[in-house]
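In the numbering used here, the protein residues as written are 39 to 126.
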Amino acid sequence: MSQDYKVVSLASAAAGRQRAEFERGGLLPAPLAAVRDRALTFLRVGLSELFDNADDTLFEKADRASSNADQSLFFDAMRLLRLQRHAM
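Have a look at this one:
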């Protein structure tokens with residue numbers, strides 16, 4: 039006669055559900071959620087400043103370019119940066 043275990047620990051089942059939810063990114067303990075939110079805000083501001091500075095630097099380099107071809111390359115880079123900025 040095989041032994042079927044009909045009793046399941048509810049604690050381990052709940053822990054398994056929480057682990058699955060955590061791995062999907064939905065459930066975090068409150069302190070970690072606060073850290074995540076602050077990190078996201080910090081990164082958004084930092085990336086925005088980075089892209090602004092890159093745009094300004096490319097413009098300055100285009101202004102100092104020695105030829106129209108070089109200037110066009112810098113302006114093309116600025117255009118690509120502006121178009122793809124929101125996707126990054």
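Idealized CB from N, CA, C, for every residue including glycine.
Inset, instruction - Spatial neighbours of Phe113 within its chain, please: CB distance less than 7 Å, with the 5 preceding and 5 following residues excluded, ordered by chain position. - result: Hits under 7 Å: Ala100.
Inset, instruction - Could you tell me whether the stretch 106–120 touches the stretch 78–94, where touching means 3 or more Cβ pairs closer than 8 Å? - result: Result yes; three or more Cβ-Cβ pairs closer than 8 Å.
Legend entry - Status (buried if at least 16 other CB within 10 Å, exposed otherwise) for Leu96: Counting Cβ neighbours within 10 Å, Leu96 comes out buried, since at least 16 surround it.
Legend entry - Through-space distance from Ala53 to Leu66, alpha-carbon basis: Each residue's alpha carbon lies about 13 Å from the other.
Legend entry - Element boundaries [alpha helix (DSSP H), containing Ala92]: From DSSP, the alpha helix (DSSP H) with Ala92 extends over Ala68 to Asp101.
Legend entry - Beta carbon of Ala115 nearer than 8 Å to that of Gln109: Pairing Ala115 with Gln109 gives a Cβ-Cβ distance that is not under 8 Å.
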